[in-house]
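Numbering (the UniProt record's numbering), first residue to last: 1 to 113. Take a look at the structure set out below.
Structural data, given as structure tokens:
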């Protein structure tokens with residue numbers, strides 16, 4: 001777990017801008033929770049939820065007026081990751097650049113550690 005504390009998750013400016021756009025239509029105080037759960041083509045997948053409350057052990061990332069939460073269990077899989085937002089020919093999506101992922105699927109939402 002020490003590696004996750006030394007290399008916390010970061011949020012790019014592009015991702016923060018997109019999160020702000022999404023949250024602008026939500027009640028004040030709404031935050032984005034990013035978590036890791038079992039499933040997907042490669043065994044693990046990212047999950048995105050809009051939430052109003054944070055847990056005591058959440059990693060709280062604040063950037064450009066938005067708040068992103070990562071729970072302690074997911075942080076074990078995501079330490080050192082960068083949350084980005086990409087708008088290209090394939091479409092628009094949040095992408096997590098995870099240094100621990102050794103394989104992933106074509107859609108970019110599922111990975112293996």
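From the three backbone atoms N, C-alpha and C, an ideal C-beta is built for every residue, glycine too.
Helix, strand or coil at residue i according to DSSP, with G and I counted as helix
{"i": "residue 14", "result": "helix"}
Identity of the residue in the options nearest residue i by Cα
{"i": "residue 66", "options": "9, 25, 8, 30", "result": "30"}
{"i": "residue 46", "options": "18, 56, 69", "result": "69"}
{"i": "residue 56", "options": "44, 62, 71", "result": "71"}
{"i": "residue 11", "options": "51, 44, 63", "result": "63"}
{"i": "residue 13", "options": "75, 44, 61", "result": "61"}
Exposure label - residue i; buried when at least 16 CB within 10 Å
{"i": "residue 81", "result": "buried"}
{"i": "residue 15", "result": "buried"}
{"i": "residue 19", "result": "buried"}
Segments assigned beta strand (DSSP E), at least 3 residues, entirely inside the stretch 29-101 | Taken in chain order, the unbroken stretches of beta strand (DSSP E) that lie wholly in the stretch 29-101 and span 3 residues or more are 31-38, 44-51, 59-63, 66-70, 82-88, 91-97.
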